[in-house]
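*Asks:* Positions in the sequence shown are counted from 1; adding 100 to them yields our numbering. Sharing a structure here in structure tokens format.
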Amino acid sequence: MSGIKRLPDNLRIGGTHLHKHRPTGEPPQPDGVRRINNYCIELETFANSTQRGAAGAIGLSIISSIGIFLLSLFVIGAGKLTLEDVMDIALYIPLLPAIISLFYFAGGAHRSRGGFIRIHRETRKLYFIYPRQKRLHVLDWDQLEVLAGFIPIVSASGYASRHPLYLIGIDYSMDPPTEICAACGNLGLFDGDRSARSLWSYLQVFMERGPDDLPRPAPIPPRQSRWQSTLQPYRDWRAGLRRTLAKPYGLLKTPITIPLWLGWLLINAFPDSVEAFIQYNVPYTQFPKEIDRLCGFEVKRKPVIRVDGERIDP
101 MSGIKRLPDN
111 LRIGGTHLHK
121 HRPTGEPPQP
131 DGVRRINNYC
141 IELETFANST
151 QRGAAGAIGL
161 SIISSIGIFL
171 LSLFVIGAGK
181 LTLEDVMDIA
191 LYIPLLPAII
201 SLFYFAGGAH
211 RSRGGFIRIH
221 RETRKLYFIY
231 PRQKRLHVLD
241 WDQLEVLAGF
251 IPIVSASGYA
261 SRHPLYLIGI
271 DYSMDPPTEI
281 CAACGNLGLF
291 DGDRSARSLW
301 SYLQVFMERG
311 PDDLPRPAPI
321 PPRQSRWQST
331 LQPYRDWRAG
341 LRRTLAKPYG
351 LLKTPITIPL
361 WLGWLLINAF
371 PDSVEAFIQY
381 NVPYTQFPKE
391 IDRLCGFEVK
401 RKPVIRVDGE
411 RIDP
């Protein structure tokens, strides 16, 4: 068997090493935890957020194109424009969404929403499948190298960074044995690596003592129809606005609150709605059934009963 195939050195640049049995400075929180039971914990991967962002960018490009069109009309002056000028400007509106759509399809976001990471307390193994792949990677929990990662992002709108939790181990079933990085979906966009540290604290407590003393993640919402999923971001936006207005002096702040929330509707709720519509039938990478059974996440399908061709729920 040949030597170990290592990950690129630049993956670790800017990251902060985290260690077992040492305090991280943050209390355990289920940031990035999808579900948990007595034996296994399932984590969102960093890829899930990037896939959502790729689909949501299509919605944001539509808003941007319309905004640029209206701004062009304002700058040039509506009174000076002819119908031919308006038509020429309008032809450019689909250009940006078309370009973003090309990136969406080229990146493979239309084939997979991402995947998950599972860590089992009894086997002390981490199970992971890269999105759009089928090979199951099994890593030894006790041999993991752990980092709060650092991903700088420079764009026309400015600089930002994300800090997912990197769980790095060696898959010895591969030839040659290969380093694998399972990146959990702790973005840390506004709070640095705090969420990565709190997730690492959470994982250590789970592996040592189980889930009893840990805060539970939010329950997975039931699957809705495509139409309901598309409207859900608007419902969430409306509920958030109502909570804001219900606070003390909330109505007095409406001259500031309403414009801010209308902006949030355009740059967040609408892209999320487009993402929900586009990605509705796009699957996540699935684990083998034996891993589902081992981890206690096996889906038990209800029997389908039909009477005279009509489906009856048991």
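Built from N, CA and C at the ideal position, the CB exists for glycine as well.
Determine which residues share a DSSP beta bridge with E245 and list them.
*Replies:* Note: E245 is bridge-paired with I268 in the DSSP secondary-structure output.
*Asks:* Leaving out five residues before and five after G103 in sequence, what residues of the same chain have Cβ atoms less than 7 angstroms from its Cβ?
*Replies:* Within the same chain, G103 has close Cβ partners P276.
*Asks:* Would you mind giving the Cβ-Cβ distance between A260 and I253, rounded to the nearest angstrom? I have them listed as a contact below 8 angstroms.
*Replies:* 5 angstroms
*Asks:* Is DSSP giving I193 helix, strand or coil here?
*Replies:* Under the three-state reduction of DSSP, I193 is assigned to coil, being neither helix nor strand.
*Asks:* Does the Cβ of W327 have 16 or more other Cβ atoms within 10 Å, making it buried, or fewer, making it exposed?
*Replies:* exposed
*Asks:* With distances taken Cα to Cα, identify the nearest neighbour of F169 among N148, A155 and L191.
*Replies:* L191
*Asks:* Look at the alpha carbon of F216 and the alpha carbon of L362, and state the distance between them as a whole number of angstroms.
*Replies:* So the two alpha carbons sit approximately 34 angstroms from each other.
*Asks:* Could you check which residue in K389, S373, W337 and S295 has the C-alpha nearest to that of P128?
*Replies:* S295
*Asks:* So L239 is in the alpha helix (DSSP H); what residue range does that whole segment cover?
*Replies:* Segment H237 to D240 is the beta strand (DSSP E) holding L239; no alpha helix (DSSP H) there.
*Asks:* Closest to C246 by C-alpha separation, out of Q233, P231, L226 and L236, would be which residue?
*Replies:* Note on residue identity: the sequence assigns Val, not Cys, to residue 246. Of the candidates Q233, P231, L226 and L236, the one whose C-alpha sits nearest the C-alpha of V246 is L226.
*Asks:* DSSP state of A209, grouped into three classes?
*Replies:* coil
*Asks:* So, using beta-carbon positions, are P348 and G159 closer together than 8 angstroms?
*Replies:* no
*Asks:* Do three or more CB pairs link the region 204-224 to the region 139-149 at distances below 8 angstroms?
*Replies:* The region 204-224 is in contact with the region 139-149.
*Asks:* Who are the near neighbours of I193 in its chain, counting only those whose CB is closer than 6 angstroms to its CB and skipping five residues on each side?
*Replies:* S165 and F169
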